[in-house]
């Protein structure tokens with residue numbers, strides 16, 4: 145065995161190394177003086193390796209490197225029992241003019257016969273480069289209309305405003321703290337409907353109390369005896385300097401649809417709240433950048449049926465992390481809401497007796513019941529999905545249900561989900577409109593980020 149030292153002397157906040165001798169698993173490097181180092185005890189042989197510096201794959205141009213059959217560049221080292229290093233001959237083909245510590249941007253040649261697993265790995269490499277090198281500030285609109293509600297506003301009035309403005313969620317302003325302290329969402333409306341006849345204090349129903357009182361009551365109602373099911377937590381937010389990758393991961397890991405963006409400020413003066421970040425905004429930016437890429441994007445032209453993404457019906461034979469539910473128009477609305485909450489999803493396809501797609505009921509559709517206090521004149525237990533959709537149609541009219549086929553390309557799916565207001569595509573069989581699966585924004589980013 146031979147002690148072999150690997151070093152990265154070109155700066156960075158953090159660095160890891162992976163190579164053929166680690167099974168391409170990442171191993172953190174320690175900072176020694178001005179460079180990152182790690183030592184491995186290796187048997188003699190030839191090994192390839194790469195550095196991951198601040199989340200970006202890099203190689204060292206001053207060291208020998210090789211270009212594999214797909215055009216991917218890695219450093220190479222020959223480990224021998226003697227202490228004299230063997231200088232490797234410079235490869236006859238250089239895929240790019242590498243300077244010290246340059247980012248690995250050489251991509252595999254575009255080929256329809258390329259292994260799908262390699263295509264996915266290469267495409268994720270391209271996507272990660274875009275998401276890591278751009279911040280959420282670059283996605284924030286220069287001007288936009290943004291509603292913010294005071295925590296002292298009565299719950300009933302707040303939900304009416306959300307309906308009238310077409311909002312599924314809204315930031316909450318606490319005047320005492322002088323900042324945004326939380327979010328009011330369609331989920332709050334669902335939970336409130338199930339407890340609306342309970343009186344919190346005095347002789348008033350829950351909906352007549354301020355938002356701050358509802359937030360406290362929600363913890364009592366849904367927290368359980370030990371408060372484990374639902375606990376008060378600090379406001380989830382991101383900074384305007386955060387990378388798009390970090391923002392997308394924040395949204396996915398916390399199972400939220402958007403996250404407040406706070407401006408990095410040297411002092412505490414002024415209001416730091418800038419806007420809301422969404423997966424759709426990030427996807428739209430990503431699509432525009434992918435169009436500028438010269439290579440590495442052959443996966444975009446693959447059909448959906450060959451890509452492991454989305455939630456699928458068992459009859460398709462495709463595996464997915466969760467079961468695809470559908471509901472009939474005659475199903476109780478309460479059953480629909482139960483499934484949305486239990487599965488932690490935002491929508492369920494609604495089908496007719498033959499399983500053909502009729503519409504999609506989303507958590508945000510419940511806000512239609514806030515118009516003219518419809519919710520106060522109905523018994524939720526007696527309402528069907530058909531009744532709820534009828535109310536939605538009366539308020540907003542019939543709407544387009546966005547769909548795709550398994551034969552659509554990944555590029556077509558990404559472009560479809562970039563349309564404002566579209567958060568999911570229902571995958572249908574073309575002739576029968578039978579529901580086969582669903583592709584959400586969350587599915588897209590879970591796949592892209594690996």
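Numbering (my numbering), first residue to last: 145 to 594.
Note that beta-carbon positions come from the ideal geometry of N, C-alpha and C, so glycine has one too.
Just how far apart, CA to CA, sit residue i and residue j?
| i | j | result |
| --- | --- | --- |
| residue 569 | residue 424 | 13 Å |
| residue 183 | residue 224 | 15 Å |
| residue 391 | residue 430 | 13 Å |
| residue 305 | residue 355 | 13 Å |
| residue 592 | residue 219 | 26 Å |
| residue 155 | residue 179 | 7 Å |
| residue 543 | residue 507 | 16 Å |
| residue 400 | residue 151 | 40 Å |
| residue 555 | residue 472 | 31 Å |
| residue 327 | residue 574 | 39 Å |
| residue 469 | residue 528 | 17 Å |
| residue 402 | residue 301 | 23 Å |
| residue 517 | residue 273 | 49 Å |
| residue 285 | residue 512 | 28 Å |
| residue 534 | residue 428 | 32 Å |
| residue 383 | residue 491 | 29 Å |
| residue 538 | residue 532 | 10 Å |
| residue 242 | residue 590 | Confidence at residue 242 is low in this model, with a pLDDT of 32, below 50, so its placement is unreliable and no value can be given for it. |
| residue 188 | residue 171 | 20 Å |
Enumerate in chain order the residues of its own chain whose CB-to-CB distance from residue i is below 7 Å, with the five nearest sequence positions on each side excluded.
| i | result |
| --- | --- |
| residue 441 | 267, 270 and 434 |
| residue 186 | 145, 146, 148, 165 and 223 |
| residue 545 | 501, 503, 504 and 570 |
| residue 623 | The first residue shown for the chain is 145 and the last is 594, placing residue 623 beyond what the model contains. |
| residue 229 | Note that residue 229 scores 42 on pLDDT, short of 50, meaning its location in the model is unreliable and no value can be drawn from it. |
| residue 560 | 546, 548, 566 and 569 |
| residue 276 | 199, 200, 387 and 389 |
In terms of residues, what are the limits of the beta strand (DSSP E) holding residue i?
| i | result |
| --- | --- |
| residue 201 | 200-202 |
| residue 192 | 189-197 |
| residue 217 | 217-223 |
| residue 568 | 568-572 |
| residue 150 | 146-152 |
| residue 313 | 313-318 |
| residue 402 | 402-406 |
What three-state label does DSSP hand residue i in the structure shown?
| i | result |
| --- | --- |
| residue 383 | strand |
| residue 500 | strand |
| residue 493 | strand |
| residue 179 | strand |
| residue 327 | strand |
| residue 364 | helix |
| residue 553 | strand |
| residue 424 | helix |
| residue 266 | helix |
| residue 256 | Because the pLDDT of residue 256 is 42, which lies under 50, any placement of that residue in the model is unreliable, and the number read from its coordinates should be weighed accordingly. It is coil, neither helix nor strand. |
| residue 301 | helix |
| residue 516 | helix |
| residue 473 | coil |
Starting from residue i, trace the alpha helix (DSSP H) in both directions and tell me its first and last residue.
| i | result |
| --- | --- |
| residue 165 | No alpha helix (DSSP H) contains residue 165, which DSSP labels as neither H nor E. |
| residue 586 | 585-592 |
| residue 537 | 529-540 |
| residue 480 | 477-487 |
| residue 391 | 388-397 |
Have a look at the options and flag the residue whose alpha-carbon is nearest the alpha-carbon of residue i.
| i | options | result |
| --- | --- | --- |
| residue 432 | 447, 336, 278 and 294 | 278 |
| residue 526 | 560, 513 and 478 | 478 |
| residue 549 | 491, 449, 513 and 521 | 449 |
| residue 288 | 463, 418 and 538 | 418 |
| residue 359 | 335, 381, 380 and 404 | 335 |
| residue 551 | 446, 466, 498 and 517 | 446 |
| residue 198 | 188, 205 and 157 | 157 |
| residue 398 | 377, 205, 388 and 383 | 377 |
| residue 365 | 396, 388, 318 and 332 | 332 |
| residue 459 | 541, 160, 579 and 553 | 579 |
| residue 481 | 290, 510, 540 and 572 | 510 |
| residue 352 | 462, 221, 467 and 520 | 520 |
| residue 474 | 489, 497 and 462 | 497 |
Should residue i be flagged as near chain D, meaning a C-beta pair shorter than 8 Å?
| i | result |
| --- | --- |
| residue 430 | Absent from the structure is chain D; it holds one protein chain and no more. |
Just to confirm my understanding: we take residue i, look at its own chain, exclude 5 residues before and 5 after, and list those with CB closer than 6 Å. What are they?
| i | result |
| --- | --- |
| residue 168 | 162 |
| residue 454 | 581, 583 and 587 |
| residue 385 | 279 and 408 |
| residue 484 | 507 |
| residue 595 | Residue 595 falls outside the range modelled here, since the chain spans only 145 to 594, and no answer is possible. |
| residue 296 | 354 |
| residue 372 | Confidence at residue 372 is low in this model, with a pLDDT of 44, below 50, so its placement is unreliable and the value that follows should be read with caution. Contacts found: none. |
| residue 207 | 219 |
| residue 393 | none |
| residue 594 | 268 |
| residue 313 | 327 and 329 |
Who are the Cβ neighbours of residue i in its own chain at under 8 Å, not counting the five residues just before and after it?
| i | result |
| --- | --- |
| residue 524 | 337, 338, 477 and 478 |
| residue 347 | Residue confidence for residue 347 is low, a pLDDT of 46 falling below 50, so the modelled location carries little weight and cannot support an answer. |
| residue 316 | 292, 293, 294, 295, 324, 325, 326, 327, 328 and 355 |
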